[in-house]
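Undergrad: Residue numbers (my numbering), protein chains in the order written: chain A, 4 to 263; chain B, 95 to 249; chain C, 5 to 286.
Virtual Cβ for every residue (Gly too), placed ideally from N, Cα, C.
Quick caveat, the model's predicted, so the values are computed rather than measured.
This is the structure, below, for whatever I ask next.
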Amino acid sequence: MVLMPLAKLGRSGLNTLQRIGRAHLLLIACLFGSSELLWRPRLFTAQLFNIGVLSLLIVGISGLFVGMVLGLQGYYVLAQFGAAQSLGVMVATSLVRELGPVVTALLVAGRAGSALTAEIGLMKATEQLASLEMMAVDPVRRILTPRLFGGIVAMPLLAALFSAVGVLGGYFVGVGLLGVDDGAFWSQMQAKVDFQEDVVNGMIKSLVFGVLVTWIALFQGYESAPTAEGVSRATTRSVVHAALVVLGVDFVLTALMFGE
Amino acid sequence: MNKRYGIEVMVGIFMMLGVLALFFLAMQVSNLNLNAATEGYRVTAHFSNVGSIKARSPVTMAGVRIGQVEAVQFDKASYEAIVTLRINAGIDTIPVDTFANIFTSGLLGEQYLALSAGGSPDYLRDGDEITNTQSALVLEEMIGQFLFKKAQEGG
Amino acid sequence: MEIDTTAVSAIPNEPLIKIRELTFRRGERVIFEHLDLDIQRGSVTGIMGPSGSGKTTLLKLMTGQLRPNAGRIEVDGQNIQQLKKKELFQLRRRMGMLFQSGALLTDLTVFENVAYPLREHAKLSPSLLRKLVLLKLEAVGLRGARNLMPHELSGGMARRVALARAIALDPMMLLYDEPFTGQDPISMGVLVRLIRQLNDDAGLTSILVSHDVRETASIADALYLIYGGRVIAHGTPAEIAADQSEQVRQFMDGCADGPLHFHYPAPALADDFRTRGYRKWF
Numbered sequence: 004m005v006l007m008p009l010a011k012l013g014r015s016g017l018n019t020l021q022r023i024g025r026a027h028l029l030l031i032a033c034l035f036g037s038s039e040l041l042w043r044p045r046l047f048t049a050q051l052f053n054i055g056v057l058s059l060l061i062v063g064i065s066g067l068f069v070g071m072v073l074g075l076q077g078y079y080v081l082a083q084f085g086a087a088q089s090l091g092v093m094v095a096t097s098l099v100r101e102l103g104p105v106v107t108a109l110l111v112a113g114r115a116g117s118a119l120t121a122e123i124g125l126m127k128a129t130e131q132l133a134s135l136e137m138m139a140v141d142p143v144r145r146i147l148t149p150r151l152f153g154g155i156v157a158m159p160l161l162a163a164l165f166s167a168v169g170v171l172g173g174y175f176v177g178v179g180l181l182g183v184d185d186g187a188f189w190s191q192m193q194a195k196v197d198f199q200e201d202v203v204n205g206m207i208k209s210l211v212f213g214v215l216v217t218w219i220a221l222f223q224g225y226e227s228a229p230t231a232e233g234v235s236r237a238t239t240r241s242v243v244h245a246a247l248v249v250l251g252v253d254f255v256l257t258a259l260m261f262g263e
Numbered sequence: 095m096n097k098r099y100g101i102e103v104m105v106g107i108f109m110m111l112g113v114l115a116l117f118f119l120a121m122q123v124s125n126l127n128l129n130a131a132t133e134g135y136r137v138t139a140h141f142s143n144v145g146s147i148k149a150r151s152p153v154t155m156a157g158v159r160i161g162q163v164e165a166v167q168f169d170k171a172s173y174e175a176i177v178t179l180r181i182n183a184g185i186d187t188i189p190v191d192t193f194a195n196i197f198t199s200g201l202l203g204e205q206y207l208a209l210s211a212g213g214s215p216d217y218l219r220d221g222d223e224i225t226n227t228q229s230a231l232v233l234e235e236m237i238g239q240f241l242f243k244k245a246q247e248g249g
Numbered sequence: 005m006e007i008d009t010t011a012v013s014a015i016p017n018e019p020l021i022k023i024r025e026l027t028f029r030r031g032e033r034v035i036f037e038h039l040d041l042d043i044q045r046g047s048v049t050g051i052m053g054p055s056g057s058g059k060t061t062l063l064k065l066m067t068g069q070l071r072p073n074a075g076r077i078e079v080d081g082q083n084i085q086q087l088k089k090k091e092l093f094q095l096r097r098r099m100g101m102l103f104q105s106g107a108l109l110t111d112l113t114v115f116e117n118v119a120y121p122l123r124e125h126a127k128l129s130p131s132l133l134r135k136l137v138l139l140k141l142e143a144v145g146l147r148g149a150r151n152l153m154p155h156e157l158s159g160g161m162a163r164r165v166a167l168a169r170a171i172a173l174d175p176m177m178l179l180y181d182e183p184f185t186g187q188d189p190i191s192m193g194v195l196v197r198l199i200r201q202l203n204d205d206a207g208l209t210s211i212l213v214s215h216d217v218r219e220t221a222s223i224a225d226a227l228y229l230i231y232g233g234r235v236i237a238h239g240t241p242a243e244i245a246a247d248q249s250e251q252v253r254q255f256m257d258g259c260a261d262g263p264l265h266f267h268y269p270a271p272a273l274a275d276d277f278r279t280r281g282y283r284k285w286f
């Protein structure tokens, strides 16, 4: 009787480990199925549309506002030290290194990840996945793989868009509204933001996030209980897990990339 | 068929936008210069203290950016810093007796290398050295000197 | 035409499906224990049992979607547990399965749904594909509905489209999972006739999992009654109808009292009433 809580803890630990194992098996199966995309590029295009094009608006608008807020707040702080000319550096660095990849990943998790989970979960609940299997079609290759790669390709492009639009937003606020010198804004930015160090690392981050967010979404959908409640829970879990994992991994990646 | 075509067009636009944004980040935000190594010419300068000058710090003349610092190295023999500057190709009429100063933009801003033209009819060429240099001002030193002087005056 | 029409058997006199000593558990729960079952070629076999007796699970075991804990399942002479994924998929091309919900791909039209397995597994010219799909749809009486989306179909129509899809590759066997539930009397009658007709015209073997006693008995050549993880009776519909054992009578006549439990296992009602434990929740 005393050992009951211990046994419970042990069981939940084992269950979690099993889930993580299954998630990795699923990822491996998806990657092995990637040759399918060469034969059927349309599957991939359709997912790039679902994940990329449909997220375009929310990512673009969010990027613009985040950039504008950065411009505003950055100006207030920097102006106190007489360094308002460095506004461009601040806006661009924070966007390219951190906010671009992270916020885009969070937005995509909410906008496209949840949709993926619900879609896969419902396909499972309505036996569509089983029916594919009965038609001798591997649902992992046909349904999951194109979605995974759609996410992997769309994420860095969306993050680049987010950062670019954000820099422009910061420019409008800083230079247009607050009167920071136009030339100084760009020249300091160009002098301080390094392509390798900042832009490439940011893109690598968002590539990693692309894998994580779509992977989590697909796994949650694939593992969801085939009921209305099961799918709704899986959708929530997909967004929550994706957000936590993105933020956690971002810390690790930042420490590795910029830690020196 | 039509709907599918529309999707493909949209995806094409999306990819183009993404690549364009990357291009913008590379060229406008971070000033990636693919032929950076070959453009312009190099000159060197010795400083006893470079402050926080490092690679990619701007080099200006009359406040206008005319190049950038390519490398900062330590000279074992003279215990000085050797700074390699890359001057843009168009700027080829800098006199050999030009002064190189290290200034700070604003009180807390970044440091940059300012050249002020001398009067010599000979111009700097690739590989030349600027001999007239003035080191970076170190704030602590200045304050120290200032306090020392005050103390003497008062004492 | 490159469609696999290997309805011709490897061993003609053997049963198409042979299940021996099958044991299957879900966690602690035993679903099947030492179950033996034969499906004869060319026949319509009904597998019946009360809800929750694992009939759908049995179908999934036969098609290799689930793996048994013990025992052998042979389909057309091949031990299904030992097949590699590729071989299993090869075998499944010769199986058609009708799911309870129809399980149509919701983002494709009726036409595309039926065309799907053909596009996957047979390289046909567009005109031949079109003709074939229309023929299959004609067989289920839905040629006119080809441009509808699945959500525009009624439940009965969706099931018939799914049937057309299941026979698209001319399989050697068709498995029906509860084909009659939730159907109005007319579509029920249509479906019953369709199943028998398809079986006889195309020389198929059909397996019918259902708890609709009358409909299943009316078209089946053989019946299996499953309860509590084992077969409690099997034979022709006439034999089953004549069976006087209590269990069989209860199921066939639909009585609540009898050896088959209608109630989920529970303590005696009076004991449950005495417990006051729930009060604190209110």
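1. Anything in chain A within Cβ reach of B:L119, meaning under 7 angstroms, just list it in chain order.
2. For a contact defined as C-beta to C-beta under 7 angstroms, what are the partners of A:V196 on chain B?
3. Are the stretch 79–86 of chain A and the stretch 130–145 of chain B in contact at 8 angstroms, needing three or more beta carbon pairs?
4. Alpha carbons only, please: which of B:G112, B:F193 and B:P152 is nearest the one belonging to B:H39?
5. Quick one: Cα of A:V69 to Cα of A:P159, how far?
6. I'd like the span of the alpha helix (DSSP H) that includes B:Y173, first residue to last.
7. Cβ closer than 7 angstroms: which chain A residues qualify as neighbours of B:G102?
8. Apply the 10 Å Cβ neighbour rule to A:A245 and answer buried if 16 or more other Cβ atoms are within range, or exposed otherwise.
9. For A:F35, report the span of its alpha helix (DSSP H) as first-last.
10. Work out the CA separation of C:Q69 and C:A172 for me, nearest whole Å.
11. In angstroms with no decimal places, state the Cα-to-Cα distance between A:V249 and A:L256.
12. Within 10 Å of its beta-carbon, does C:M5 have 16 or more other beta-carbons around it, so buried, or fewer, so exposed?
13. To which residues does DSSP link B:Q205 through a beta bridge?
14. Starting from the C-beta of A:L210, find all residues in its chain whose C-beta is less than 8 angstroms away, skip the five residues before and the five after it, and write them out in chain order.
15. Within 10 angstroms of the Cβ of A:T107, are there 16 or more other Cβ atoms? Answer buried if so, exposed if not.
16. Is the Cβ-Cβ distance between A:L161 and A:G55 less than 9 angstroms?
17. Quick check: is the beta carbon of C:F184 nearer than 9 angstroms to any beta carbon in chain A?
18. Please list the partners that C:P121 has in chain A, where partner means a Cβ-to-Cβ separation under 7 angstroms.
19. According to DSSP, is C:T9 helix, strand or coil?
20. Residues in the same chain with beta-carbon distance under 7 angstroms from C:T27, minus the five sequence neighbours each way, listed in chain order, please.
21. Just reading off the alpha helix (DSSP H) that C:T209 is part of, what are its end residues?
22. Could you tell me the boundaries of the alpha helix (DSSP H) in which B:Y217 lies?
23. Which partner residues does B:V158 have in the DSSP bridge list?
24. Short of 7 angstroms in beta carbon distance, which residues of its chain neighbour A:G77, apart from the five on each side in sequence? Order them along the chain.
25. Could you tell me whether the Cβ of B:V144 comes closer than 9 angstroms to any Cβ of chain A?
26. Please report the Cβ distance between A:T238 and A:T129, rounded to the nearest whole angstrom; I am assuming they are in contact, meaning their Cβ atoms lie under 8 angstroms.
27. Thinking C:L194 and C:L229 are a contact (beta carbons under 8 angstroms), I'd like their distance in whole angstroms, please.
28. Checking contacts by CB at 9 angstroms: is A:V45 closer than that to chain B?
29. Beta carbon of C:L141, beta carbon of C:A168: below 9 angstroms?
30. Report the rounded CA-to-CA distance for C:A11 versus A:L12, giving the unit in angstroms.
TA: With the structure as the only source:
1. V99, A163, S166, A167 and V202
2. V123 and S124
3. In this structure the stretch 79–86 of chain A does not lie against the stretch 130–145 of chain B, because fewer than three pairs of beta carbons, one per stretch, are closer than 8 angstroms.
4. Residue coverage of chain B in this structure runs from 95 to 249, which leaves residue 39 of chain B outside it and unanswerable.
5. 18 angstroms
6. Unbroken run through B:Y173: none, as it is neither H nor E.
7. In the sequence as displayed, the identity of residue 102 of chain B is Glu instead of Gly. Result: T48.
8. buried
9. Here the alpha helix (DSSP H) through A:F35 covers M7 to F35.
10. If I take the Cα positions, the gap works out to 21 angstroms.
11. So the two alpha carbons sit approximately 10 angstroms from each other.
12. Since pLDDT at C:M5 reaches only 37, below the 50 mark, its modelled position is unreliable, and the value read off the structure follows with that caveat. Flag for C:M5 reads exposed.
13. Beta-bridge pairing links B:Q205 to B:T198.
14. Residues I155, M158 and P159 of the same chain have their beta carbon placed closer than 8 angstroms to that of A:L210, with the five preceding and five following residues left out of the count.
15. buried
16. yes
17. no
18. M138
19. Any answer about C:T9 is weak, because its pLDDT of 43 lies below 50 and its placement is not dependable; what the coordinates show is given next. Three-state DSSP puts C:T9 in coil, outside helix and strand.
20. F36, E37, H38, P72, N73, A74 and G75
21. First-last for C:T209: T209 to S214, but that is the beta strand (DSSP E), not the alpha helix (DSSP H).
22. It is not in any alpha helix (DSSP H) - B:Y217 carries neither H nor E in the DSSP assignment.
23. B:M155, per the DSSP bridge assignment.
24. L90, M93 and V94
25. Not a single C-beta of chain A is nearer than 9 angstroms to the C-beta of B:V144.
26. Actually they do not touch by this definition, with Cβ atoms about 16 angstroms apart.
27. Residue identity differs from the one stated: residue 194 of chain C is Val in this sequence, not Leu. Not a contact, Cβ separation roughly 26 angstroms.
28. In the sequence on display, residue 45 of chain A carries Arg and not Val. Output row for A:R45: interface = yes.
29. In contact: C:L141 and C:A168 (Cβ atoms closer than 9 angstroms).
30. For C:A11, the predicted structure reports a pLDDT of 44, less than 50, and the residue's modelled location is therefore unreliable. A value from the coordinates is still provided. C-alpha separation (whole angstroms): 53 angstroms.
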